[in-house]
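Here is the structure we will look at.
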Amino acid sequence: MVTLRRLLNRWNSGRARIALALVFVVAASMLFWASRDYAVIAPDWDGQVRGLSYSPSHLFTEKDHRHVSPERIDRDMAQLSQLTGHIRTYTVSGGLDRVPEIARRYGLTVSLGIWIGTDLEANEKEVDKGIRVALANRRVIDRVFVGNEAILRGDVTAEQLNGYIEKVRAALPSRIKVTTAEPWSTWLLNPEIAEHVDLIAIHLLPYWEGISVRDSLVFVQHAFQHVQDEFPGKPIIIGEAGWPSEGRTKRNAEASLANEAFFIRAFVQLAMQKGWDYYLIEAYDQPWKGGSEGAVGAYWGMFDATGAPKFPFTGMLRTFPEWRTYAVFAGILPLILGLLILGRMPRVRQPGYIVMGGLVAAVTTGLLVLVDASSLEYIEVGDIAMIAAMAPLVLLASIVILTEGVELASSLWRVERRRMIAAIPENAPRVSIHVPCYNEPPEMVAETLNALARLDYDNFEVIVLDNNTPDEETWRPVEEHCARLGPRFRFAHIDKLKGFKAGALNETLKMTDPETVYIAVIDSDYQVAPYWLRRALPFFASDQIALVQGPQDYRDGHESLFKAMAFEEYRGFFQIGMVERNEHDAIIQHGTMMIVRKKALEEVGGWSPWCITEDTELGLKLFESGYSAAYIPESMGRGLIPDTLGAFMGQRYRWVYGAMQIMKRHKGAIFMGTKGLSWAQRYQFLSGWLPWISDGLGMIVTLAALVWTLLMTVAPRYFDVPMSALSAAALALFLAKTLKTLLLYPQKVRSGVKGALMASIAGLSLTHTVAKAVIAGIFTSKKPFLRTPKCEDQAAVSQALRLAWQETTLLSLCALALLAMAFLNGGLQDPAESLWMLMLAVQSLPYAATVVTAILSAMANSKRPSAAVLPLPAPPSPQPPPEALSRAA
29 MVTLRRLLNR WNSGRARIAL ALVFVVAASM LFWASRDYAV IAPDWDGQVR GLSYSPSHLF
89 TEKDHRHVSP ERIDRDMAQL SQLTGHIRTY TVSGGLDRVP EIARRYGLTV SLGIWIGTDL
149 EANEKEVDKG IRVALANRRV IDRVFVGNEA ILRGDVTAEQ LNGYIEKVRA ALPSRIKVTT
209 AEPWSTWLLN PEIAEHVDLI AIHLLPYWEG ISVRDSLVFV QHAFQHVQDE FPGKPIIIGE
269 AGWPSEGRTK RNAEASLANE AFFIRAFVQL AMQKGWDYYL IEAYDQPWKG GSEGAVGAYW
329 GMFDATGAPK FPFTGMLRTF PEWRTYAVFA GILPLILGLL ILGRMPRVRQ PGYIVMGGLV
389 AAVTTGLLVL VDASSLEYIE VGDIAMIAAM APLVLLASIV ILTEGVELAS SLWRVERRRM
449 IAAIPENAPR VSIHVPCYNE PPEMVAETLN ALARLDYDNF EVIVLDNNTP DEETWRPVEE
509 HCARLGPRFR FAHIDKLKGF KAGALNETLK MTDPETVYIA VIDSDYQVAP YWLRRALPFF
569 ASDQIALVQG PQDYRDGHES LFKAMAFEEY RGFFQIGMVE RNEHDAIIQH GTMMIVRKKA
629 LEEVGGWSPW CITEDTELGL KLFESGYSAA YIPESMGRGL IPDTLGAFMG QRYRWVYGAM
689 QIMKRHKGAI FMGTKGLSWA QRYQFLSGWL PWISDGLGMI VTLAALVWTL LMTVAPRYFD
749 VPMSALSAAA LALFLAKTLK TLLLYPQKVR SGVKGALMAS IAGLSLTHTV AKAVIAGIFT
809 SKKPFLRTPK CEDQAAVSQA LRLAWQETTL LSLCALALLA MAFLNGGLQD PAESLWMLML
869 AVQSLPYAAT VVTAILSAMA NSKRPSAAVL PLPAPPSPQP PPEALSRAA
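Structure (structure tokens):
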């Protein structure tokens, strides 16, 4: 019984739950890597081939390729003579004109290659040199290939190529057969070339056709037969046949060592049965080709670039022999990272640990897949640069995914919540309510003051400070309304006041009654509930509490679809994010519906004029000074949603830019823990800002992706799709954010899937604005304060679209990029290109959301209220009974 009780206690403590989750995810991770390795049965092979295409070994760079020493060729011929009696070359330049005389020493027959490119003068020199080499080595040369895929590349026309072929045929004895080499389909498209050659040399490369290795031999037979039927009586040889050991997957064709080994072993057997004359491509890997053919161009050799065999010629093949190494790391990394994250996160029920453990495993598996994809045998400077550029993006995406997962698990499955101490004060402490204004509609401010007049709290004052409003007709009615409301309401107008809203609040602080204990701040559009102060002040029961914050709420979300979307977007933060941050005493302070202890405010130096989000910065200063805060997640006052998309954007730009200012100014406290912030507080502030930072990097990724897509479209020979890991990271980040919203909104915001979708669209519409604010905030520090206008007239559709011209332009460019990939590059057939297109589509969604939101904003039918008559305040509401307040507290 005692043992059972101990087990239950350990289980309840969370350690057993964490252990169970980690055992599950570690086992799943290791199983994933083990599942990638399986046996492949292929025909045994004696290692002998009819012919091999030859480019020398040890060619790692273009420089190596320009001149090959006779010693290198000699070593290669000695090795290749053990496998074949016949080799094919591609050029007589760069020292390869010595191949025939060296090959003769080892009893090899040479099919001489003459390279034909775009430089017509160089072509003439190559042809003349090739003729001289062939005549000098006529005993060892049986064929001459004039050009290799020159028509496919478009380097010359068929007429030009035929001229070169005829020139060579005329110069050589008839015993030496002259031809050119092209893919089988190119011969069918250009049948006139066949009239000028002695035999037809076709390339059969199923990988480039996107054919799976299992179907490759059927394809080879079909293609060979097709050419044979088209050119009856003409000798046909296979100029190239092979499969790459590394590189991108093309449709159904996967480049892998096992597939290369299977194809070669099976093809050699088939060719022997059919009596085909062929050359395998190729003898050695050619790392230097990676620049012109993409990574896959380096990996067609039977031997690697150093001359070592790449696969066994007999016995069973394995698809992923390195799986044990990856499985070990797949067990260690999730375990270590899982212990760090699951051990640090709040105690949750078992599903929370499993979900979080699964995310940890998914992230670590993704990183290992990236390592596997980047582990090319021949890595170049460009590859290193690409990986270096991708690494921080993938790492940031991984961190954001994990932080989003922590919030999801904590919100849905948290076991215990922070207990807030509340007690009704014996004496009603003095509260000074500050209402800063700048160029606000007077009728709106009057309604705000009327609501304050209805507060069922006796000991308070209201100070309205209008700063820098240029039009006296705007601020004078507010002053008159304050006079009508009585001595409790004071008004001041100051011109040329510096420091934006912070300067106004500091000036108001100087006017505050010396007996004041608490300072309350609301925005000029907020109409508070009568019980606001009586509900909030009990949470100051502990002297440690310096701040009590209520949520921002809005009373006009019903007026239009645009405002309804914005309303839902706001609610998510205040009903999910702020609630979770409150559990760790790390709320983001907002400059409305907040009450701060006056002593603490003065102790930290008041409001900071250098920061355009002075409210958030004040909250952080209070935490750094050792104070705590309390968040009450119930609406006690409601304001106005920005009327236009422009105002919506401007408000979010200010919030994000201010966050970047704070992060730079308080970097020691946030990143290094040099002040009084706890680890949990530092984490909450950073995790709250990381999604914004990821939006900034996301914009850079989008712009880079558009440029890269353009380069892939106009120069596909030189620019290939980047590693799929980049696309996968962007897609995973988008999926994680979207799923979190869809899962949390129905549970925590109570607005269902519809509310989640509306919030997602509104949030996406601000992505570009957030990105610009992040970049500006990182590189600048003194952007002016951006006021959020209220009661604006609605903009026309054309005006709203002009406001979103950047997003509209980027959306159009993304659409053009997708069309180019789909119709010019056949992107719908290639998995890597399809993934790239999907990434482009996802990256374009924020811009589409902005355009939609701009139109909805312009179509909104809200009207500005009339300012003809300022209503008198209603009498105060009856004071609720003490027991009701006790229950509320």
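Take any residue in the sequence shown, note its place counting from 1, add 28, and you have its number in the numbering used here.
C-beta: ideal position from N, C-alpha, C; glycine also.
When 839, 81, 436 and 114 are compared, the shortest CA-CA separation from residue 771 is found for 436. Around the beta-carbon of residue 518, 16 or more other beta-carbon atoms lie within 10 Å, marking it buried. Rounded to whole angstroms, the gap between the alpha carbons of residue 526 and residue 421 is 40 Å.
Here residue 544 carries a coil assignment [DSSP, helix/strand/coil].
Sequence-distant partners of residue 96 (beyond 5 residues in either direction) whose C-beta falls short of 7 Å from its own C-beta, in its chain, are 84, 122, 123 and 124.
Annotation: residue 834 to residue 870 spans about 17 Å, alpha carbon to alpha carbon.
Annotation for residue 385: the continuous alpha helix (DSSP H) segment containing it runs 378-402. The region 79-93 and the region 306-317 touch, with no fewer than 3 CB-CB distances between them shorter than 8 Å. The beta strand (DSSP E) runs lying completely inside the region 607-666 and spanning 3 residues or more are 622-625 and 656-659, given in chain order. Shown here for residue 325: same chain residues with a beta carbon closer than 6 Å to its own, the five before and five after excluded, namely 317 and 318 in chain order. The shortest CA-to-CA distance from residue 577 to any of 656, 587 and 50 is the one to 656. When the alpha-carbon of residue 793 is set against those of 879, 236 and 804, the nearest one is in 879.
Under the 10 Å beta carbon count, residue 236 is surrounded by fewer than 16 other beta carbons and is classified as exposed. Between the alpha carbons of residue 766 and residue 592 lies a gap of roughly 19 Å.
Judged by beta-carbon spacing, residue 266 lies within the 9 Å limit of residue 252, meaning their Cβ atoms are closer than that value.
The beta carbons of residue 594 and residue 882 sit about 13 Å from each other, so the pair does not count as a contact at 8 Å. In chain order, 81, 328 and 329 place their CB closer than 6 Å to the CB of residue 310, counting only its own chain and leaving out the 5 sequence neighbours on each side.
Considering only 544, 348, 711 and 709, the residue with the shortest C-alpha distance to residue 486 is 544. For a cut-off of 8 Å, the C-beta gap from residue 629 to residue 737 is around 53 Å, too long to register as a contact. Contact annotation, residue 342 with residue 66: C-beta distance approximately 19 Å; criterion of less than 8 Å not satisfied. When the five nearest sequence neighbours on each side are left out, the beta carbons in the same chain lying within less than 6 Å of the beta carbon of residue 299 are those of 306, in order along the chain. According to DSSP, residue pairing for residue 254 in a beta bridge does not occur. In the three-state reduction of the DSSP assignment, residue 176 falls in the strand class, which pools E and B. Following the DSSP letters along the chain, one finds residue 354 inside the alpha helix (DSSP H) bounded by residues 351-372. Counting only runs that start and end inside the region 57-116, the beta strand (DSSP E) elements of at least 3 residues fall at 114-116. Note on geometry: alpha-carbon atoms of residue 554 and residue 473 lie some 8 Å from one another. The beta carbon of residue 614 sits closer than 6 Å to those of 709 and 712, all from its chain and outside the five residues before and after it, given in chain order. When only Cα atoms are considered, residue 580 and residue 528 end up about 21 Å apart. Going by C-alpha positions, residue 177 is about 22 Å away from residue 260. Non-local C-beta neighbours of residue 370 in its own chain, meaning closer than 8 Å and more than five positions away in sequence, comprise 46, 49, 50, 381, 384, 385 and 388, ordered along the chain.
Excluding sequence positions up to five before and after residue 104, its CB lies within less than 8 Å of the CB of 82, 84, 85, 311, 312 and 335, all in the same chain and listed in chain order. Going by C-alpha positions, residue 456 is about 23 Å away from residue 619. It is roughly 15 Å from the alpha-carbon of residue 531 to the alpha-carbon of residue 644.
Rounded to whole angstroms, the Cβ separation of residue 600 and residue 797 is 17 Å, and the two are not in contact under 8 Å.
Of the candidates 219, 119, 293 and 221, 293 places its Cα closest to the Cα of residue 70.
For residue 239, the three-state secondary structure derived from DSSP is coil.
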